Structure formats: structure tokens, C-alpha cells
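Chemist: Before I ask anything, here is the structure I am working with.
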Amino acid sequence: MGLYFLCIILFCVGLYGVLRKRNIVKIIIGLVIMNYSISLFFVLLGYKFHGRAPIESQNQTIANMVDPLPQALVLTSIVISLAVMALLIAIAIRIYERYGTFDITKIKRLRG
Amino acid sequence: MELYILLIFMIFAAFVAIEMKDLFSSVIAMGAVGFALCLAFLIVKAPDLAITQLVVEILCLIILIRATMNKDLPLVIEGRWVFNTMATLIFAGVFLFFSYWALKELPNFGEPLMTVVRKYMEEGADKTGSVNLVTGVVLDFRAYDTLGEAAALFAAVIGIVTVLRKTGSKSHDK
Chain E
13 MGLYFLCIIL FCVGLYGVLR KRNIVKIIIG LVIMNYSISL FFVLLGYKFH
63 GRAPIESQNQ TIANMVDPLP QALVLTSIVI SLAVMALLIA IAIRIYERYG
113 TFDITKIKRL RG
Chain C
643 MELYILLIFM IFAAFVAIEM KDLFSSVIAM GAVGFALCLA FLIVKAPDLA
693 ITQLVVEILC LIILIRATMN KDLPLVIEGR WVFNTMATLI FAGVFLFFSY
743 WALKELPNFG EPLMTVVRKY MEEGADKTGS VNLVTGVVLD FRAYDTLGEA
793 AALFAAVIGI VTVLRKTGSK SHDK
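Residue numbers (the numbering used here), protein chains in the order written: chain E, 13 to 124; chain C, 643 to 816.
Now the structure itself:
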């Protein structure tokens, strides 16, 4: 419960960055932090006390294993987050080339 | 206990990353958050995730440093500072309040339900031939998810190439 709540607080810090900051790079950093907190939350949901990593060995049976399913899904989501962040950074670099600033309030002109 | 220390460190580093005036410093602070997350994955017994997170974090840092190099700008605080900050804080407070009631309904930390995964654990090694259950789930039981992930990665790469192309864009032609 306490750990879950700390994860949500980390999410809120990222949300504060997304909503409050005007620099595009700060907004992207906030999005990445939100992504981290959610992946950590899912992995914490599958943790078992005194559990072992979900890898079976040949000559002994491991009874107490943590839940491998959230780990498998988060493995997908981490790679997707990298692709999303790279796309956002590409758009930010393009905006900097065009307007000469990262400030989102200065980006007003509409032209192709 | 280690998880509490790591999470508090991550919250602190995230706050520094958001609030730092220098863009380069805030990128480095975000790297601290990512590496702490890598350690947390190791502590909750997820070695595959720790390896992936390490690689992804290094790539993130390289891309972000490339984006912010020589582009340090002064932080502009103007206009409705009080209104914006108050609105954001109120929204975060409401979110935290409702999440407190929602998190009570989840199973306690350390005692997961493990209903879906029981079948995977019994039959995983025989059916997939993989001793690592995580890769067994990713590449065999849920292979369509992985196919979708590959499609999303491909779309993102096409998007990056399209956005950053030199030939054919108007600003470079003239």
C-alpha cells in the first residue's frame, strides 16, 4: 500500500511537469517519469515476499516464484516508451529548427 | 525497506529534474531516476526488466543530450504563475485523494493473486521449451502482443525518419 502510494506520487510529479512547465524538453521528461512510475507499479503488483526470479532450473523445483506476467507486459511497454520518446524528441528538434525556441507559448505561427 | 529508500530517491530526483533551470542538469537527473528504477527492478526480482531498462535508459540519455546540446534557454516565468501552479496542484491533490481509496482495494504488497499465471507456471517449460518464464510469455503465449510492439516500433521509426528528413521539406529547399 505504501509503495503503491509512493508510485502514484512519482506519477504526480511527472504530471506536474507535463501540466506546469513551458519547455518542451521538460514536458518530455515529465512524460518519461510518468512512464517509469507506471511500469514500476505493475511490477510491484506481481511481487511476492521471498520470491525468486521467474527462471526455472534443471535440478530443483522453485516453488515460490514472483508473477512473470506483469514483467512480460512491462517489458513490451518499456521498449514502446523508448520509441515514443524518440518520436517526441524528433518533433521537438524540428520545432527548434523552425522557431528557434523550446518555449511552447512562443510557438504561435501557423505555416507549413 | 530498500524499495522505500529507492522510491523516495526517485521522487526527489524527479522533482529535481522537473524544477532544475539548466536543461542539461535536468536530463542528467532524469537519468538518475531511470537507473534507480533499474535497481528497483533488480530488487523485485525482475532481471530481464532490469537489463532492458538499463539499455533503454542509456539510449534515452543519448537522445535527450543530443536534443538539448547547445540549446540552453533561460526559464521564463511570466503571466498567470499563481493560477497555473494552483490549478496543477489541486488536480494532483484530487488525483492522490481518489487513488488512496482505489489502492485500498488492491491485494496487499507481496501477496499477488496469480490466477492467470498459474497455468503458465505449470506448463510453461514443457510447452515453450524456455526455462525463463518471462521470455516464454513474451515470445510464445503472448506473441501477438510482441508482434504489435514490433509494428508500433516500426511506425515510430518511420515517423522519426519522416519528421527529420532533409530532402523534400520546404525549409531546406529554399
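Ideal Cβ placement from N, Cα and C applies to all residues, glycine included.
Since the model is a prediction, treat every value here as computed from it, not as a measurement.
1) Starting from C:K761 and walking both ways along the alpha helix (DSSP H), at which residues does that stretch end?
2) Enumerate in chain order the residues of its own chain whose CB-to-CB distance from C:L775 is below 7 Å, with the five nearest sequence positions on each side excluded.
3) Between E:L15 and C:L645, how many whole angstroms is the CB-CB distance? I'm expecting something under 8 Å.
4) Identify the contact partners of E:K120 in chain C, using a Cβ-Cβ distance below 8 Å as the criterion.
5) DSSP three-state call for C:I732: helix, strand or coil?
6) Among residues of its own chain, excluding the 5 on either side of C:K816, which ones have a beta-carbon nearer than 6 Å to its beta-carbon?
7) Between the beta-carbon of E:P82 and the beta-carbon of E:L52, is there less than 7 Å?
8) Would you mind stating whether C:L684 and C:A692 have Cβ atoms separated by less than 7 Å?
9) What does E:M46 pair with, by DSSP beta-bridge criteria?
10) In whole angstroms, what is the alpha-carbon distance linking C:A688 and E:K120?
11) How long is the line joining the alpha carbons of C:D664 and E:K38, rounded to whole angstroms?
12) Grab me the residues of E:I74's own chain with a C-beta within less than 7 Å of its C-beta, minus the 5 sequence neighbours each way, in chain order.
13) If we ignore side chains and look at the alpha-carbon of each, how far apart do E:N71 and C:V773 end up?
14) At a Cβ threshold of 7 Å, is C:N712 touching chain E?
15) With distance defined between alpha-carbon atoms, name the residue in C:R807, C:K746 and C:I670 nearest to E:E109.
16) Pairing CB atoms from the stretch 740-759 of chain C with CB atoms from the stretch 41-48 of chain E, are three or more of them under 8 Å?
17) Whole angstroms are fine: how far does the CA of C:E753 sit from the CA of E:A104?
18) Would you tell me roughly how many angstroms separate the C-alpha atoms of C:D782 and E:L85, rounded to the nearest one?
Modeler: By the coordinates alone:
1) Taking the second sequence and counting its residues from 1, one reaches residue 761 of chain C at position 119. Counting along the chain, the alpha helix (DSSP H) containing C:K761 begins and ends at V759 to T770.
2) Locating residue 775 of chain C in the second sequence gives position 133, counting from the first residue. Result list for C:L775: Y762, M763 and G766, in chain order.
3) The residue labelled residue 15 of chain E in the question sits at position 3 within the first sequence. The residue labelled residue 645 of chain C in the question sits at position 3 within the second sequence. Yes, E:L15 and C:L645 are in contact; Cβ-Cβ is about 6 Å, under 8 Å.
4) Numbered from its first residue, the first sequence carries residue 120 of chain E at position 108. Residues of chain C passing the Cβ test: none, with the nearest at roughly 14 Å.
5) Taking the second sequence and counting its residues from 1, one reaches residue 732 of chain C at position 90. Three-state DSSP puts C:I732 in a helix.
6) Locating residue 816 of chain C in the second sequence gives position 174, counting from the first residue. Confidence at C:K816 is low in this model, with a pLDDT of 47, below 50, so the placement of that residue should be treated as unreliable; the coordinate-derived value is given next. Within the same chain, C:K816 has no close Cβ partners at all.
7) To locate residue 82 of chain E, count along the first sequence from 1; it is residue 70. To locate residue 52 of chain E, count along the first sequence from 1; it is residue 40. Result no, Cβ atoms of E:P82 and E:L52 do not sit closer than 7 Å.
8) The residue labelled residue 684 of chain C in the question sits at position 42 within the second sequence. The residue labelled residue 692 of chain C in the question sits at position 50 within the second sequence. Taking 7 Å as the Cβ cut-off, C:L684 and C:A692 qualify as a contacting pair.
9) Start at 1 with the first residue of the first sequence, and residue 46 of chain E comes out as number 34. Note: E:M46 sits in no beta bridge, so no partner.
10) Sequence index remark: in the second sequence, residue 688 of chain C carries index 46 (1-based). Sequence index remark: in the first sequence, residue 120 of chain E carries index 108 (1-based). Going by the C-alpha atoms only, they are around 46 Å apart.
11) Counted from its first residue, the second sequence places residue 664 of chain C at position 22. Counted from its first residue, the first sequence places residue 38 of chain E at position 26. Using only the alpha carbons, I get a separation of about 10 Å.
12) Counted from its first residue, the first sequence places residue 74 of chain E at position 62. So the qualifying residues of the chain are R64 and E68.
13) Counted from its first residue, the first sequence places residue 71 of chain E at position 59. Counted from its first residue, the second sequence places residue 773 of chain C at position 131. Rounded to whole angstroms, E:N71 to C:V773 spans 12 Å at the Cα level.
14) Taking the first residue of the second sequence as position 1, residue 712 of chain C is located at position 70. For C:N712, the answer is no, since every Cβ of chain E falls outside 7 Å of its Cβ.
15) Looking up residue 109 of chain E in the first sequence gives position 97. Among C:R807, C:K746 and C:I670, the Cα nearest to that of E:E109 is on C:R807.
16) no
17) Here residue 104 of chain E corresponds to residue number 92 of the first sequence, with the count starting at 1. Here residue 753 of chain C corresponds to residue number 111 of the second sequence, with the count starting at 1. Between E:A104 and C:E753, the C-alpha separation is close to 43 Å.
18) Counting from one through the second sequence, the residue named residue 782 of chain C turns up at place 140. Counting from one through the first sequence, the residue named residue 85 of chain E turns up at place 73. Roughly 13 Å separates the two Cα atoms.
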